[in-house]
Every structure is written in C-alpha cells, then in structure tokens.
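*Asks:*
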Amino acid sequence: MPSDISTSRTFFLISGIINILIAIGWGGGTLTIGALTCGIGCLMGFLPILNIVSAVMDFLAFSKLNNLNQTGTYGTVNTAAIFDIVTILTGNVVSMVFGILILTYMQKEEFKSFLVSKGIY
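Okay, so the sequence shown: first residue is 17 according to the working numbering, each after it adds one.
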C-alpha cells in the first residue's frame with residue numbers, strides 16, 4: 017500500500033474528529049448567541065451543518081481507505097477532501113490543509129494505480 021493512502025486515511029480520521037468538535041462548538045455558540053440576541057444569532061445555525069456533513073464524509077472515506085474493498089473509493093475520497101476544504105468557512109484551517117494535501121496525493125499516479133489494481137477505483 018502506498019504511503020499516500022495510509023497518510024490520507026490518518027488525515028481523514030483526524031479531520032473527522034476535528035469537524036465533530038467544531039460542530040459542537042458552533043452549535044453551542046449558535047444556541048447561546050441566539051438566546052442572547054432573541055433569535056437573530058440563530059441565523060448562524062447552518063455553520064455546524066457544514067462540519068457535520070464533512071465529518072460524515074471523512075469517516076466514510078476513512079472506512080473505504082481502511083477496508084479497500086468497496087467500489088467508488090476514489091470518488092468518495094475526492095468528495096470528502098473537497099468538503100474538508102469547504103470547512104474553512106467555519107474556521108477549520110486544519111481540515112482545509114488536510115483536504116488540499118489529500119487532493120495533491122490523489123493526483124499521483126501510484127495512488128490511482130493502486131486503487132485500480134485493487135478494483136475499487
């Protein structure tokens with residue numbers, strides 16, 4: 017297994033955990049500010065949703081890279097990396113950096129050829 021795949025797997029696990037923590041923080045902050053501003057602060061309630069979706073995608077990509085037995089792995093990893101980049105809207109710099117690194121790893125021929133050889137591209 018190429019080191020880029022195992023590194024990507026680790027990045028997805030860390031990013032998923034960070035996204036959950038940030039979603040909890042944004043959720044609590046939204047409720048608190050919403051209560052203090054008589055509901056106007058609840059307009060920021062969409063921000064935790066970005067992190068929740070990204071966390072789910074991160075764990076899906078982690079699972080597919082961990083098992084290496086499901087078709088569509090490349091597409092799932094690509095989508096999860098893009099969602100990680102989008103989480104910069106919530107201030108999640110770590111996941112954004114991981115997403116950029118994973119997209120860079122995916123462009124390498126050994127990454128693609130390994131998935132093709134496993135039949136899960």
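In this text, a Cβ means the ideal position worked out from N, Cα and C, and glycines have one as well.
Only a predicted model underlies this, so the values are computations on that prediction, with no experimental measurement involved.
May I ask you to report which of helix, strand or coil DSSP gives proline 64?
*Replies:* Proline 64: helix per DSSP, three-state reduction.
*Asks:* What does the alpha-carbon distance come out to for the pair valine 72 and isoleucine 118?
*Replies:* So the alpha carbons of these two residues sit roughly 17 Å apart.
*Asks:* Per DSSP, what kind of secondary structure is methionine 17 in: helix, strand or coil?
*Replies:* Methionine 17: coil per DSSP, three-state reduction.
*Asks:* Along the alpha helix (DSSP H) that carries asparagine 94, what are the first and last residues, could you check?
*Replies:* Note, asparagine 94: alpha helix (DSSP H), 89–102.
*Asks:* Whose CA, out of Phe114, Ser31, Thr120, lies closest to the CA of valine 69?
*Replies:* Measuring from the Cα of valine 69, the nearest candidate turns out to be Ser31.
*Asks:* To the nearest whole angstrom, what separates the beta carbons of alanine 51 and alanine 77, a pair I think is in contact under 8 Å?
*Replies:* Contact doesn't hold; Cβ gap of about 36 Å is too wide.
*Asks:* Report, in whole angstroms, the separation of the C-beta atoms of asparagine 94 and asparagine 67, which I expect to be a contact under 8 Å.
*Replies:* With a Cβ gap of about 19 Å, asparagine 94 and asparagine 67 do not count as contacting.
*Asks:* Ignore the nearest five residues each way along the sequence and tell me which others in glycine 115's own chain have a CB closer than 6 Å to its CB.
*Replies:* Same-chain partners within the cutoff: Ala97, Asp100, Ile101.
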